[in-house]
Ligand SMILES: Cc1cc2nc3c(=O)[nH]c(=O)nc-3n(C[C@H](O)[C@H](O)[C@H](O)COP(=O)(O)OP(=O)(O)OC[C@H]3O[C@@H](n4cnc5c(N)ncnc54)[C@H](O)[C@@H]3O)c2cc1C
């Protein structure tokens, strides 16, 4: 059979963004040599390549880098370590027996048998259709990330007068970017009573440029036959219902949508991996292993992060765990306990802790449901408080990262549940 | 001097062009838009109706009944997917059960095969997600689904392959009678033609007016739709219609030929013939109404919404005739639902009119009825995929990640006759950008490919129609 080009590797990493890069590098450093990384784009680095602003790497490198600079550090290291990668290569399927099917123009169909797989496909942006905004369907409506790519990578402007719907970080960054390129940003319109992105971006991207942030507002209609001509916005009440009589038109030729990111898990679902209904990413344990044995996941494919530094940390863990798995240091039969979001916590990752898993301390990522001023994060085991962490300010837009020493976890069995709540 | 000028590149005009291209004639198809199939034909339910619904004795009933069975052959010749999934018209009350019985009888009068009334148990067995109050249904096994713009583009392409001239971005602005035919004035020069066939959709009245005041009126009636992610197409297995009542036909729920779920339309008489905006009230209404026939409509998984205009005539029936006192000028007007279904039969009917008006039809020796479909890479066997990539490596590069569409397919869609010229043109031909991310990832790549293939600057590439520029300039 010449249909497939066949190959075997210890580890196949799907996705060459910061998550995939960190996982591959960490696996190599921990003694696995036969690694292949697959990336569908023309270059490594993923979404970072279009994030030319700075603010990356404060935790990992202790300094502020731009997106491409942050990526470059890892790409250089990957190359120095001699890790094999293929660009322009689309993964079409991952099977439970850990064969990965992919295609690229040079080699055609590839069928790669791996001992372990790391999923690092990242996420995509929510679209206008997902919000079901009525009106016409003219040119000039972009997701913020697409606009960012067009402006920063392809070198084209997307319009002259813009409204940004949603206050996610990419939208805020693009408000500034469009302004710097000579466009007028009329407003950032946010449905919730608080912004979706990081506070530092509100200050540096909106306040510094006098761009109005309209909280508790939404776009209710889109005008323009061929190119966008304007949008209607309305105020919403606390139940997010529009308030009659508050409608007003903003003329604009461009609308950018920054209304959320969705982990890209079509491959995971096809492979039978269980997803968390809230994060929309795979359910993972503290070694970042998914419900499919030997298949790990990390980065935005698991849950949407707001700082790349945390992606890197999480992905290093996935890389190390994949090595342990390949070298049979961990057993798939370990006893796992559940980790659940408690009071006013939207989600917690990982969703499981493997009591027999790698000898690492536990780290949890979580997001609150609401805004809290002076609150405590409480970790409990079967209702018993085991740790309390005080926080000055908690908002849904800023992910919380907390640690729990392995030895701080009381002896427990498979039926136990860890919960994290905000009180 | 052309033998025939067809005004309008919707499904009606393109079907007529395709059926005429087998004859030795000089035919030109004139379309004002940037692409064919860009008005009513792109925004409808895509149902090949069985035909029980039309009032017996009307042209609608006759041409629906004749049109439906013609789709198998034409779709296979043109490489267009057709699925005969059947339709269920549901009843929830005794009164509605009575209506179904009448519809069944009407279907028999119209000569519709494979119609049956089925009880609640059977409905639930074949449609597990049907509304729990459903008491019974009318099953019409011959109903099917097609992709209306795929079909129409294929018709235009095959007509063009067989010598029909297709003039896009050309608007008819004047029609004058001449000794041996008509002088048609367009916004880009004039055309002489012995016969004129007007298939101008909602504008049929305006076209007729250019020659002489129309004896009919066409009122646009809008219908909104919501399309859902492919993950949801399996919610229903048939086209699900609600029982018609004094209040209207209700809304339908159907899988599309590509596996999405489609819900709609409502019905709203509008003033403007070129405004296809959806409205909040329209979208809310169809979502609420559809929940009355199917349980679990996945409201959160909508990927887009759109609306279309029905060309509703004041005569209540299709108007397909040579205009009295204007030999050689044929109106094909008021082609509202089931116009898509009837379209092959409409084309044959028009050819009969041409013959009786004295047109001589000689079959071309080299007519080629076959249009090779654009390869659907992801649907091919591994062996076929690999052969294709060896022949053309562009098939190994996936551009649209949601639908897995390759650069090979996109380039093919651009290089064909009546090929894609805009981002939406590519989308309608190969579905790139039609998936859950709605072009977020692939639009920049498609702009680049279009610019390269058409030898244009990226800023000249349009989303869809004239003035729908995407990029406002370089940095
Ligand atoms: C909401 C809705 C749902 C429907 N559902 C179904 C269904 O499920 N099944 C079914 O069988 N039918 C259905 N129909 C009906 C079907 O869509 C129509 O019958 C069919 O598309 C009509 O095609 P057409 O070619 O006549 O018109 P159009 O598609 O409108 O084409 C007319 C063309 O003429 C061109 N034109 C107009 N004026 C000029 C000019 N001056 N110069 C040059 N060109 C001009 C226009 O640009 C246009 O491209 C539905 C219709 C609607 C609106």
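Residue numbers (my numbering), protein chains in the order written: chain A, -9 to 413; chain B, 2 to 476.
Ideal Cβ positions, reconstructed from N, Cα and C, are used throughout, including at glycine.
For residue i, which residues of its own chain have a beta-carbon under 6 Å away from its beta-carbon, when the five flanking residues on both sides are left out?
i, result
"residue -3/A", "102"
"residue 446/B", "400"
"residue 189/B", "171"
"residue 462/B", "448, 451 and 452"
"residue 0/A", "22, 24, 105 and 316"
Output the distance between the C-alpha atoms of residue i and residue j, rounded to the nearest integer angstrom.
i, j, result
"residue 356/A", "residue 388/A", "9 Å"
"residue 171/A", "residue 42/A", "14 Å"
"residue 339/B", "residue 274/B", "20 Å"
"residue 195/B", "residue 259/B", "41 Å"
"residue 280/A", "residue 293/A", "13 Å"
"residue 47/A", "residue 365/A", "27 Å"
"residue 407/A", "residue 306/A", "26 Å"
"residue 299/A", "residue 156/A", "24 Å"
"residue 367/B", "residue 162/B", "11 Å"
"residue 44/A", "residue 190/A", "12 Å"
"residue 34/A", "residue 394/B", "21 Å"
"residue 88/A", "residue 68/B", "50 Å"
"residue 77/B", "residue 145/B", "14 Å"
"residue 240/B", "residue 312/B", "23 Å"
"residue 224/B", "residue 256/B", "18 Å"
"residue 262/B", "residue 40/A", "34 Å"
Please go through the same chain and pick out, in chain order, the residues whose beta-carbon is closer than 8 Å to the beta-carbon of residue i, but skip the five residues on each side of it.
i, result
"residue 341/A", "266, 273, 274, 275, 328, 329 and 330"
"residue 437/B", "230, 231, 304 and 403"
"residue 53/A", "47"
"residue 472/B", "448, 459, 460 and 462"
With a threshold of 7 Å (Cβ to nearest heavy atom), would residue i be considered close to ligand 1?
i, result
"residue 424/A", "The requested residue 424/A is not part of the displayed model; chain A covers only -9 to 413."
"residue 406/B", "no"
"residue 172/B", "yes"
"residue 45/B", "yes"
"residue 334/A", "no"
"residue 341/B", "yes"
"residue 33/B", "yes"
"residue 245/B", "no"
"residue 383/A", "no"
"residue 299/B", "no"
"residue 1/B", "No information on residue 1/B is available, as it lies outside the stretch 2 to 476 that chain B covers here."
"residue 310/B", "yes"
"residue 418/B", "no"
"residue 336/B", "yes"
"residue 50/B", "yes"
Return helix, strand or coil for residue i, following the three-state DSSP convention.
i, result
"residue 178/B", "strand"
"residue 229/A", "coil"
"residue 322/B", "strand"
"residue 332/B", "strand"
"residue 205/A", "coil"
"residue 262/A", "coil"
"residue 273/B", "coil"
"residue 350/B", "helix"
"residue 41/B", "helix"
"residue 147/A", "strand"
"residue 221/B", "strand"
"residue 127/B", "helix"
How about residue i: is its C-beta nearer than 8 Å to some C-beta of chain E?
i, result
"residue 341/A", "In the displayed structure, chain E is absent; the protein chains listed are A and B."
Apart from the five residues just before and just after residue i, which ones in its own chain have a Cβ nearer than 7 Å to its Cβ?
i, result
"residue 188/A", "159, 296, 387 and 388"
"residue 66/B", "52, 111, 112 and 113"
"residue 249/B", "268"
"residue 435/B", "404 and 428"
"residue 357/B", "none"
"residue 14/A", "3, 25, 27, 68, 73 and 309"
Worksheet item: If we count Cβ pairs, one from each stretch, closer than 8 Å, do we get three or more for the stretch 25 to 32 of chain B versus the stretch 95 to 104 of chain B?
Response: no
Discussion item. Taking 8 Å as the cut-off, does the stretch 197 to 204 of chain B touch the stretch 277 to 288 of chain B (at least 3 CB pairs, one atom from each stretch)?
Written reply: no
Worksheet item: How about the stretch 415 to 425 of chain B and the stretch 150 to 159 of chain B: do they share at least three Cβ pairs that are nearer than 8 Å?
Response: yes
Discussion item. Between the stretch 311 to 319 of chain A and the stretch 142 to 150 of chain A, can you find at least three pairs of beta-carbon atoms closer than 8 Å?
Written reply: no
Practice prompt. Report yes or no: do the stretch 212 to 222 of chain B and the stretch 347 to 354 of chain B share at least 3 C-beta pairs separated by less than 8 Å?
Written response: no
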